[in-house]
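Data block below; observations after.
Residue numbers (UniProt numbering): 1 to 91.
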């Protein structure tokens with residue numbers, strides 16, 4: 001699983017330096033990106049404030065600031081809180 005996520009990460013983000021950034025996004029930018037990802041079912045790279053990151057698809061909305069993230073391997077489903085997201089990038 002770790003190798004497949006690494007391959008997906010490199011495929012989507014490694015060679016395009018404009019997509020990678022060390023700067024955080026405002027909450028309204030993250031919210032807009034989450035809604036766009038929900039509508040388009042595109043893959044996203046979510047970077048959290050604690051330094052962790054995940055690749056997956058936004059599949060649903062639980063409340064105003066909480067979304068459902070399905071991992072890239074489609075086996076893990078997680079609730080993502082808007083306040084814990086550092087930035088979100090599209091694949």
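By construction, the Cβ of each residue, glycine as well, lies at the ideal position given by its N, Cα and C atoms.
#### Entry: Separation of residue 85 from residue 79, as counted between CA atoms
Between the alpha carbons of residue 79 and residue 85 lies a distance of about 12 Å.
### Query
How about residue 55 and residue 68: are their beta carbons less than 9 Å apart?
Going by C-beta atoms, residue 55 is not nearer than 9 Å to residue 68.
### Task
Report all residues from its chain with a CB closer than 6 Å to the CB of residue 61; omit the five preceding and five following residues, and keep chain order.
The residues are 67.
### Message
According to DSSP, is residue 89 part of a helix, a strand, or is it coil?
### Response
The answer is strand: DSSP assigns residue 89 an E or B state.
#### Entry: residue 37 beta carbon less than 9 Å from that of residue 88
Pairing residue 88 with residue 37 gives a Cβ-Cβ distance under 9 Å.
### Message
I'd like the span of the alpha helix (DSSP H) that includes residue 78, first residue to last.
### Response
No alpha helix (DSSP H) contains residue 78, which is instead part of the beta strand (DSSP E) from 77-81.
### Task
In the DSSP assignment, find the alpha helix (DSSP H) that holds residue 38 and state where it starts and stops.
Boundaries of the alpha helix (DSSP H) around residue 38: 27-40.
### Distance, residue 50 Cα to residue 41 Cα
When the Cα atoms are used, residue 41 and residue 50 turn out to be separated by approximately 25 Å.
### Query
How long is the line joining the alpha carbons of residue 58 and residue 32, rounded to whole angstroms?
Approximately 12 Å, taken between the alpha carbons.
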